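Below is one structure, written out as structure tokens; the observations come after it.
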Amino acid sequence: GEDIINGALACKIVTRVTDGQTIESAFDKTFEELKEIDGFAGAIGIDVKGNTHWKESHPKIVFAAYDGEEMTLFD
Numbered sequence: 045g046e047d048i049i050n051g052a053l054a055c056k057i058v059t060r061v062t063d064g065q066t067i068e069s070a071f072d073k074t075f076e077e078l079k080e081i082d083g084f085a086g087a088i089g090i091d092v093k094g095n096t097h098w099k100e101s102h103p104k105i106v107f108a109a110y111d112g113e114e115m116t117l118f119d
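Counting in our numbering, the sequence shown runs from 45 upward without gaps.
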């Protein structure tokens, strides 16, 4: 969590998408900047059009969703 805060991860992604970047390009740019502080983070986002994107800075981070019946892993 500390790298997410220090890298202003959410703020940067939201600002970039609000300014017109796609959610994917906003994630890519933000995670490139996270490398500059040797950051360790993962994020999942959805824009107003329903486009989703997820990214992690380390291959050991796993994202999952549970709908009450089934677990889905994203990779």
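C-beta: ideal position from N, C-alpha, C; glycine also.
In this text the structure is predicted, and so the values were computed from the model without any measurement.
Could you have a look at residue i and say whether DSSP puts it in helix, strand or coil?
{"i": "F118", "result": "strand"}
{"i": "A108", "result": "strand"}
{"i": "I81", "result": "coil"}
{"i": "A39", "result": "Summary: the structure shown does not reach residue 39, with the chain confined to residues 45 through 119, and so no result is reported for it."}
{"i": "K99", "result": "strand"}
Report back the beta-carbon spacing between residue i and residue j to the nearest angstrom; my notes put them in contact at under 8 Å.
{"i": "A85", "j": "W98", "result": "That belief does not hold up - the Cβ atoms of A85 and W98 are roughly 11 Å apart, past 8 Å."}
Apart from the five residues just before and just after residue i, which ones in its own chain have a Cβ nearer than 7 Å to its Cβ?
{"i": "D91", "result": "V61, I67"}
Using C-beta distances below 8 Å, list every residue in its chain close to residue i, excluding the 5 sequence neighbours before and after it, in chain order.
{"i": "G51", "result": "T74, E77, L78, I81, G83, A85"}
{"i": "I57", "result": "I67, A70, F71, T74, A87, G89"}
Spatial neighbours of residue i within its chain, please: CB distance less than 6 Å, with the 5 preceding and 5 following residues excluded, ordered by chain position.
{"i": "N95", "result": "I67"}
### Message
So, does the region 105 to 112 touch the region 68 to 83, judging by three or more C-beta pairs under 8 Å?
### Response
no
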